[in-house]
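Participant:
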Amino acid sequence: MANNEKNTPFLFPEAHSTFLPDPSNFFSPNLLSTPLPTNSFFQNFLLKNGDQPEYIHPYLVKSSNSSLSVSYPSRSSKSSVISQVFQPNLTITSSSRKRSNEKHIISSYSDLSVTLDIPSSNMRFFLVRGSPFLTLSVTKPTPLPLPPRMPLFSSLQMLHLPGDAMLREPFCIGYKWEKKGWGDLLLLAHPLHLQLLSKSDCDVTILDDFKYRSIDGELVGVGDSWVLKTDPVSIT
32 MANNEKNTPF
42 LFPEAHSTFL
52 PDPSNFFSPN
62 LLSTPLPTNS
72 FFQNFLLKNG
82 DQPEYIHPYL
92 VKSSNSSLSV
102 SYPSRSSKSS
112 VISQVFQPNL
122 TITSSSRKRS
132 NEKHIISSYS
142 DLSVTLDIPS
152 SNMRFFLVRG
162 SPFLTLSVTK
172 PTPLPLPPRM
182 PLFSSLQMLH
192 LPGDAMLREP
202 FCIGYKWEKK
212 GWGDLLLLAH
222 PLHLQLLSKS
232 DCDVTILDDF
242 KYRSIDGELV
252 GVGDSWVLKT
262 DPVSIT
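Just so we're aligned, residue 32 is where the sequence shown starts under my numbering, counting upward by one.
1. Which class does Pro193 belong to by DSSP, given the choice of helix, strand or coil?
2. How should Arg199 be labelled, buried or exposed, when 16 other C-beta atoms within 10 angstroms of its C-beta is the threshold for buried?
3. Could you check whether Phe72 and Phe57 sit closer than 9 Å to each other, using their CB atoms as the reference points?
4. Would you identify the three-state DSSP class for Ser151, choosing helix, strand or coil?
5. Using beta-carbon positions only, say whether Trp213 and Val159 come within less than 9 Å of one another.
6. Cα separation between Ala196 and Val251?
7. Between the alpha carbons of Arg106 and Phe164, how many angstroms are there, rounded?
8. Give me, in chain order, the residues of the same chain whose beta-carbon lies closer than 8 Å to that of Lys79; leave out the 5 immediate sequence neighbours on both sides.
9. What did DSSP end up calling Gln115 once you bin it into helix, strand or coil?
10. Whose C-beta lies closer than 6 Å to the C-beta of Pro193 among residues of the same chain, with five residues either side of it excluded?
11. Which term fits Met234, buried or exposed, when burial requires 16 or more other beta carbons within 10 angstroms of its beta carbon?
12. Could you give the DSSP three-state label for Leu225: helix, strand or coil?
13. Can you tell me whether Ile266 is buried or exposed? The criterion is at least 16 other CB atoms within 10 Å of its CB, across all chains shown.
14. By the 10 Å Cβ neighbour count, where 16 or more other Cβ atoms means buried, how is Ser186 classified, buried or exposed?
15. Which value, in whole angstroms, describes the spacing of the CA atoms of Leu225 and Phe202?
16. Would you mind sorting Pro222 into buried or exposed? The rule is 16 or more other CB atoms within 10 Å of its CB.
17. Less than 8 Å between the CB atoms is what I'm expecting for Leu147 and Phe117, so what's the real figure, rounded?
18. Span of the beta strand (DSSP E) holding Ala220?
19. Which of the three DSSP states, helix, strand or coil, is assigned to Phe76?
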């Protein structure tokens, strides 16, 4: 009897918060069988109504029940704080959207990306950290009114898909993004990435003249497979 109790895994008691919302309402049912992420880079999509802007470099992204808005943010500086100002540069919705209070749904996520579904507009967005492009697919034929002169790339060219961070060896981490289509992906690296980028371990091209401003420093265009290394730290 004692031996069985010793081998039984401990189950934390279920708790219900009267203050924090239940994030499971924003996740696809197939993701609820495993622990949900905490302190994730997309957590603003899970708080309250899920309609607070989230910073996914280099854009602030805001979701509503039927649309998604993107802002290349300006900065507001005060003596005590520097903040980013959300002013939508682009809002994407469907002209045939259904009137619904249905929330957006996170259908998948990884270390470097999150897939956001907006069921009322039949839209699915692949939001990738460090991507200067916004990737959108529709779950069924859907009219999408877009602004004139907006540059578009067809699905036959390239899709930015999930990415992962891999601990390869001590003091080393690899970033790898999946892709669909032909050609190379373009991602953005901030100054610390560039400082740690190991050119001997990955075939990467740095586009010094392709730059985005950000609150973390200037973002520079690079490829889709990185290896970051730092100097060993002695434990003695």
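Note that CB positions come from ideal geometry on N, CA and C, so glycine has one too.
Facilitator: According to the data block:
1. The DSSP-derived three-state label of Pro193 is strand.
2. Taking every protein chain shown into account, the CB of Arg199 has fewer than 16 other CB atoms within 10 angstroms, so this residue is exposed.
3. No; because the gap between Cβ atoms is not below 9 Å, this pair is not in contact.
4. DSSP places Ser151 in helix when its eight states are reduced to three.
5. At least 9 Å separates the beta-carbon of Trp213 from that of Val159.
6. If you take the alpha carbons of Ala196 and Val251, they lie about 19 Å apart.
7. Between the alpha carbons of Arg106 and Phe164 lies a distance of about 21 Å.
8. Once the five neighbours on either side are set aside, the close Cβ partners of Lys79 are Pro52.
9. Note: Gln115 maps to strand in three-state DSSP.
10. Closer than 6 Å at the Cβ level, and outside the excluded window around Pro193, lie Ser141, Ser144, Glu209.
11. Looking at the sequence provided, one finds Asp at residue 234 rather than Met. That one is exposed.
12. Leu225 carries a helical assignment under DSSP once its states are collapsed to helix, strand and coil.
13. Counting of Cβ neighbours within 10 angstroms places Ile266 among the exposed residues, the total staying below 16.
14. Any reading at Ser186 must be qualified, since the residue scores a pLDDT of 48, below 50, and its modelled position is unreliable; the value itself is stated next. So Ser186 counts as exposed.
15. Rounded to whole angstroms, Leu225 to Phe202 spans 16 Å at the Cα level.
16. It is exposed - the Cβ of Pro222 has fewer than 16 other Cβ atoms within 10 Å.
17. Actually they are not in contact, since the Cβ atoms of Leu147 and Phe117 sit about 17 Å apart, beyond 8 Å.
18. Taken as a continuous stretch (DSSP letters only), the beta strand (DSSP E) holding Ala220 covers 218-220.
19. Secondary structure at Phe76: helix, using DSSP grouped into helix, strand and coil.
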